[in-house]
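Number of protein chains: 2
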Amino acid sequence: MKIIDCHGHYTTAPAALQKFRDAQIAGLKDGIDLPLSARTPIGDDQIRESLENAQLKLQRARGTDLTIFSPRASAMAHHVGNETTSRRWTETCNDLIHRVCGLYPDNFVGVCQLPQSPGVAPAQSAAELERCVLQLGFVGCNLNPDPSGGHWTSPPLTDRHWYPLYEKMVELDVPAMVHVSSSCNPNFHATGAHYINADTTAFMQFLTADLFKDFPTLRFIIPHGGGAVPFHWGRYRGLAQDLKRPPLKESLLKNVFFDTCVYHLPGIELLLKVIPIENILFGSEMVGAVRGIDPETGDYFDDTKRYLDALPIPAEDRYKIFEGNARRVYPRLAAR
Amino acid sequence: MKIIDCHGHYTTAPAALQKFRDAQIAGLKDGIDLPLSARTPIGDDQIRESLENAQLKLQRARGTDLTIFSPRASAMAHHVGNETTSRRWTETCNDLIHRVCGLYPDNFVGVCQLPQSPGVAPAQSAAELERCVLQLGFVGCNLNPDPSGGHWTSPPLTDRHWYPLYEKMVELDVPAMVHVSSSCNPNFHATGAHYINADTTAFMQFLTADLFKDFPTLRFIIPHGGGAVPFHWGRYRGLAQDLKRPPLKESLLKNVFFDTCVYHLPGIELLLKVIPIENILFGSEMVGAVRGIDPETGDYFDDTKRYLDALPIPAEDRYKIFEGNARRVYPRLAAR
């Protein structure tokens with residue numbers, strides 16, 4: 485069995501990446517769209533160094549094999565600048581992920597950021613998705629349900645606004661992880677509130693609409709264990725019933741999946757108790773939101789494999805969580 | 485032992501209440517602020533009837549004694565109209581709760597809605613809080629962290645913006661339940677997303693600031709089991725540590741409490757496993773967000789007492805959850 489971690493971000497990228505981003509943001513004041521040629525070249529050694537003591541070290545220490553790897557989520561910041569800003573930043577980040585995957589093809593496979601921008605039609609992200617999948621060998625994308633960064637000005641994910649992008653996802657047979665970025669609304673701490681709220685919000689949007697009737701093969705991963713959803717699984721089953729919606733198993737669970745980015749044993753235990761095994765994909769969000777060691781256990785909070793290892797899970801279910809479900813949700817993994 | 489349900493709303497109020505509200509909203513178009521004298525009188529019998537076959541019937545059936553009772557949360561809709569609209573609607577709703585408590589003093593004790601309005605200083609809510617506590621005998625209030633109804637335009641709850649209201653809460657020794665109302669943002673389903681998100685958001689706001697250093701006796705109940713917080717308790721402990729904040733037990737748990745409005749056994753089990761017993765107050769949100777019967781158990785989803793009764797909780801802890809903690813958090817209960 486291969487241990488596939490479906491949720492990793494390149495949070496440790498070489499400083500030259502942030503330098504380009506800083507220059508891009510500084511240029512916005514003067515109305516300058518920094519061209520891609522302004523990127524400082526990043527050497528292979530810099531990339532290796534950025535990973536060897538972080539993701540790769542942790543993969544080895546924790547016994548995981550392959551990370552489905554995407555640009556740093558909090559840095560996507562689709563609300564910064566305009567469509568061109570977002571496109572150039574997105575291409576830069578995706579190209580770097582491609583280089584990571586080229587250097588370590590056994591350890592990483594790419595998932596792309598999309599060039600979303602507030603008020604810009606999601607259809608405009610289809611070309612970059614296609615480039616990443618067909619030319620760079622990526623297997624999925626991160627879709628931001630709130631490109632405004634905490635103001636929630638876009639239509640819900642079930643609105644036809646998003647359909648052209650979904651058509652491209654279906655055509656390419658790739659899933660999206662629903663993943664917001666940083667928040668420019670002071671109410672929402674990014675990793676402590678905005679991320680989790682977006683997960684919960686997306687699930688409820690899916691529950692109340694017929695999106696998967698229109699796209700029976702469209703697939704979403706809701707990260708961070710599905711936000712609040714498993715903890716409130718009774719509430720969601722009850723709301724579906726009150727709203728005369730079909731049972732969740734029928735209406736959502738062929739299309740919606742949850743990762744295991746829940747950073748304590750009781751949470752993982754609950755996740756496995758209420759969500760069908762077929763819908764759970766191993767993920768750690770490593771190196772990510774929480775970087776410390778839990779004083780109660782002596783282990784990293786985000787070493788989610790430990791929690792799974794501590795539970796009496798039958799071998800066939802372990803296979804599903806660690807590999808099988810990921811292969812089903814990301815069929816392009818097979819092409820590697 | 486008395487079973488105190490800390491979270492009940494008057495969702496079944498006589499139709500005359502909604503009639504007043506409809507007229508008030510209709511008047512807004514013509515710039516008319518409907519005066520309180522436009523309220524249709526509601527007879528005691530109408531009030532009795534509205535409760536006998538709902539909250540009172542369920543209290544008896546479930547074996548609960550006293551409900552801490554407030555106006556329907558989704559109808560507060562602070563985003564509708566202006567400050568006067570909100571004040572008149574709030575007074576109307578609070579007065580009706582007062583009548584309920586007068587008719588059934590053994591069954592209900594009041595918690596008030598506040599006359600919040602987007603862009604209006606929370607200080608403006610202090611007078612209504614004082615009226616409700618000192619004149620009507622209420623024991624707490626519901627505080628809406630987002631009077632804009634899903635646009636989140638107010639400062640975080642830890643901002644000094646809110647301090648004048650907190651001073652009044654401390655002076656009166658009453659807690660607030662952090663409770664949003666309906667959402668006018670199509671992204672957020674009210675009871676399935678907006679409520680839960682607000683709970684999670686408020687907790688993270690409290691985690692990142694020193695509010696309780698400034699107000700050591702200020703107390704908040706986060707409803708719906710604390711939103712996503714218990715499910716992600718490891719994440720919050722880890723974030724506090726990464727952010728160099730004190731451990732949650734020290735910084736928050738003298739001031740922040742969770743109700744048990746979680747509608748399935750595994751959720752309640754998790755809540756009790758990770759949150760200290762001292763911080764859990766029995767609540768059911770009855771008659772509220774989910775009204776149906778769970779086909780998996782044959783019981784009402786929101787009969788949260790059943791989940792607690794099914795767990796092996798020591799008698800002293802049961803007392804805390806069902807009565808003791810409520811008496812500590814709502815000290816004015818003793819005056820009844």
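Chains as they are written, first to last, in our numbering: chain A, 485 to 820; chain B, 485 to 820.
Each residue gets a CB set at the ideal place from its N, CA and C atoms; glycine is no exception.
query	result
Chain A within 7 Å of V595(B), Cβ atoms only	no
Option in H491(A), A773(A), Q508(A) with minimal Cα separation from I552(A)	H491(A)
Supposed contact pair D743(B) and I797(B) - C-beta distance, whole angstroms, cut 8 Å	That belief does not hold up - the Cβ atoms of I797(B) and D743(B) are roughly 16 Å apart, past 8 Å.
Assigned secondary structure, D590(B) (DSSP; H/G/I helix, E/B strand, else coil)	coil
Supposed contact pair H562(B) and P602(B) - C-beta distance, whole angstroms, cut 8 Å	7 Å
Length at least 3, wholly inside the stretch 732-764 of chain B: the beta strand (DSSP E) runs in chain order	740-743
6 Å Cβ shell around S570(B) - same chain, five flanking residues per side excluded	H562, P599, S601
Coarse secondary structure for V617(B), derived from DSSP in three states	helix
7 Å CB neighbourhood of K503(A) in its chain, flanking five on each side removed	T524
I764(A) and Y791(A) closer than 7 Å at C-beta	no
Burial state of G634(B), where buried means 16 or more other Cβ atoms lie within 10 Å	buried
Cβ distance (whole Å) where C577(B) is taken to contact G594(B) below 8 Å	With a Cβ gap of about 11 Å, C577(B) and G594(B) do not count as contacting.
Proximal chain B residues relative to W717(A), where beta-carbon distance stays under 8 Å	H748, P750, G751
C-beta neighbour in chain A for A712(B), strict 7 Å	yes
Cross-chain neighbours of H673(B) in chain A, by beta carbon under 7 Å	M688, T692
For V774(B) and L876(A), believed in contact at Cβ under 8 Å, the rounded distance	Since the first residue of chain A shown is 485 and the last is 820, residue 876(A) is not available in this structure.
Start-to-end residues for the beta strand (DSSP E) that takes in M688(B)	That residue, M688(B), is in no beta strand (DSSP E); its alpha helix (DSSP H) goes 679-691.
Close Cβ partners of L695(B) (< 6 Å) along its chain, the five nearest in sequence each way excluded	T642
7 Å Cβ shell around T574(A) - same chain, five flanking residues per side excluded	Q597, L598, P599, E612
Length-filtered (4 minimum) alpha helix (DSSP H) runs lying within the stretch 764-817 of chain B	788-793, 799-803, 809-813
CA-to-CA distance, K541(A) to D514(A), given in whole angstroms	42 Å
C-alpha gap between A816(B) and A674(A), whole angstroms	Reading off the sequence shown, one finds Arg at residue 816(B), where the question assumed Ala. Between R816(B) and A674(A), the C-alpha separation is close to 37 Å.
Distance, L580(B) Cα to E567(A) Cα	52 Å
Coil, strand or helix - C577(B) by DSSP	helix
Other residues of its chain near D549(A): CB distance less than 6 Å, five sequence neighbours each side excluded	K486, I487
With 16 other Cβ atoms within 10 Å as the buried cut-off, status of G527(B)	exposed
7 Å Cβ cutoff, F785(A) in contact with chain B	yes
Cutoff 7 Å: T788(B) Cβ touching any chain A Cβ	no
Closest residue to D698(A) among V746(A), Y679(A), W646(A), C745(A) (Cα-Cα distance)	W646(A)
Extent of the continuous beta strand (DSSP E) run through M822(B)	Because chain B is modelled from 485 through 820, residue 822(B) falls outside the range shown and cannot be assessed.
Alpha-carbon to alpha-carbon, D657(A) and P779(A)	42 Å
Strand pairing of P555(B), partner residues [DSSP]	Y494(B)
Distance, G711(A) Cα to I680(A) Cα	5 Å
Bounding residues of the beta strand (DSSP E) (the contiguous stretch that carries L727(B))	Here L727(B) belongs to no beta strand (DSSP E), and DSSP marks it neither H nor E.
Below-7 Å beta-carbon distance, N739(A) vs any chain B residue	no
Three-state class that DSSP yields for I488(B) in the structure shown	strand
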